[in-house]
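Q: Please find one structure pasted underneath; my questions will follow.
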Amino acid sequence: MQSTLSSPRLQALRSLLAETHPHIPQHAHLPSSSRVITRLPPWLKKPVPIGAKLTRLKTQLRELKLHTVCEEAKCPNIGECWGGETATATIMLMGDTCTRACRFCSVKTSKTPGPLDPLEPQKTADAIAKWGVDYIVLTSVDRDDMKDGGARHFADTIRAIKKG
């Protein structure tokens with residue numbers, strides 16, 4: 324029986340791929356394994372986010388104990404949003420722990436997350452006033468453990484922002 328790693332059909336597919344897409348690197352096989360080491364293509368790699376605007380936003384978030392979906396969900400575009408010409412920040416209300424465990428999301432989960440920070444609405448309004456970013460997006464974790472799902476907390480935050 325022939326190994327699937329060196330079958331004639333697989334070799335033909337590799338040759339066709341090399342001819343039609345020469346920019347895609349050939350994969351190297353580990354000698355004692357059937358694992359393939361695959362590198363990310365350059366267009367999918369993001370540079371490590373740096374910059375004064377990004378550093379300032381991160382520092383203020385830590386001081387105010389606020390969370391962003393950008394950081395909690397490990398978004399690879401954080402440098403473009405926070406440090407770009409049109410700065411955008413997405414604040415995640417109601418903490419950093421969600422009551423759901425969606426497979427596509429990297430946000431921390433727990434069936435019983437901690438209590439809401441009653442000062443978060445005002446802290447959020449204060450942060451927005453200081454930042455001077457072009458756009459603010461408000462989002463939140465799901466809080467299925469709360470009777471109203473956190474709707475009152477969200478509304479209090481919007482009131483504080485409008486007042487501010």
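In the working numbering, the protein residues as written are 324 to 487. Glycine included, C-beta positions come from ideal geometry on N, C-alpha and C.
(1) Along the alpha helix (DSSP H) that carries VAL460, what are the first and last residues, could you check?
(2) First and last residue of the alpha helix (DSSP H) that includes ILE481?
(3) Could you give the first and the last residue of the continuous alpha helix (DSSP H) run that contains LEU333?
(4) DSSP puts THR415 in a beta bridge; with which residues?
(5) Cα-Cα, which of CYS425, LYS381, LEU377 and VAL430 is closest to VAL392?
(6) How is CYS428 classed by DSSP in three states: helix, strand or coil?
(7) For LYS446, which residues from the same chain have a beta carbon less than 8 Å from its beta carbon, with the 5 sequence-adjacent residues on both sides left out?
(8) Identify every residue that forms a DSSP beta bridge with THR420.
(9) Three or more beta-carbon pairs under 8 Å between the stretch 468–475 and the stretch 400–412, yes or no?
(10) What is the DSSP secondary structure of ILE373, counted as helix, strand or coil?
(11) May I have the straight-line CA-CA distance separating ARG423 from LYS397, to the nearest angstrom?
(12) Inspect the beta-carbon positions of ASP467 and THR435 and report whether they are closer than 8 Å.
(13) Can you give me the C-alpha to C-alpha distance between HIS352 and ASP465, rounded to a whole angstrom?
(14) Is it the case that the Cβ atoms of THR480 and LEU416 are separated by a distance below 8 Å?
(15) Assign SER338 to one of two classes, buried (16 or more other C-beta atoms within 10 Å of its C-beta) or exposed (fewer than that).
(16) Label ASP418 either buried or exposed according to how many other C-beta atoms from any shown protein chain fall within 10 Å of its C-beta, with 16 as the threshold for buried.
(17) Would you call LEU442 buried or exposed, if buried means 16 or more other Cβ atoms sit within 10 Å of its Cβ?
A: Reading from the atomic positions:
(1) Membership of VAL460 in any alpha helix (DSSP H) is not indicated; the residue belongs instead to the beta strand (DSSP E) covering 458–463.
(2) Its alpha helix (DSSP H) spans residues 474–486.
(3) That run of the alpha helix (DSSP H) goes 331–343.
(4) Note on identity: in this sequence residue 415 is Met, with Thr being the wrong assignment. According to DSSP, which records beta bridges pairwise, MET415 is partnered with HIS390 and THR462.
(5) Checking every option, the nearest Cα to that of VAL392 belongs to VAL430.
(6) If DSSP states are grouped into helix, strand and coil, CYS428 belongs with coil.
(7) Closer than 8 Å at the Cβ level, and outside the excluded window around LYS446, lie LEU387, LYS388, LEU389 and ASP440.
(8) Secondary-structure assignment with DSSP links THR420 through a beta bridge to LYS431.
(9) No, because fewer than three Cβ pairs between the stretch 468–475 and the stretch 400–412 fall closer than 8 Å, the two stretches do not touch.
(10) Residue state for ILE373 is assigned as coil, using DSSP reduced to three classes.
(11) Going from the Cα of ARG423 to the Cα of LYS397 covers about 17 Å.
(12) Their beta carbons are not under 8 Å apart, which means ASP467 does not touch THR435 by this criterion.
(13) Low local confidence applies: a pLDDT of 47 at HIS352 is under 50, so the model's placement there is unreliable, and no value is given.
(14) It is a contact, given that the beta carbons lie within the stated cut-off.
(15) That one is exposed.
(16) A quick correction: the sequence has Gly, not Asp, at residue 418. Counting the other CB atoms within 10 Å of its CB gives GLY418 a total of 16 or more, which places it among the buried residues.
(17) By the 10 Å Cβ count, LEU442 comes out exposed.
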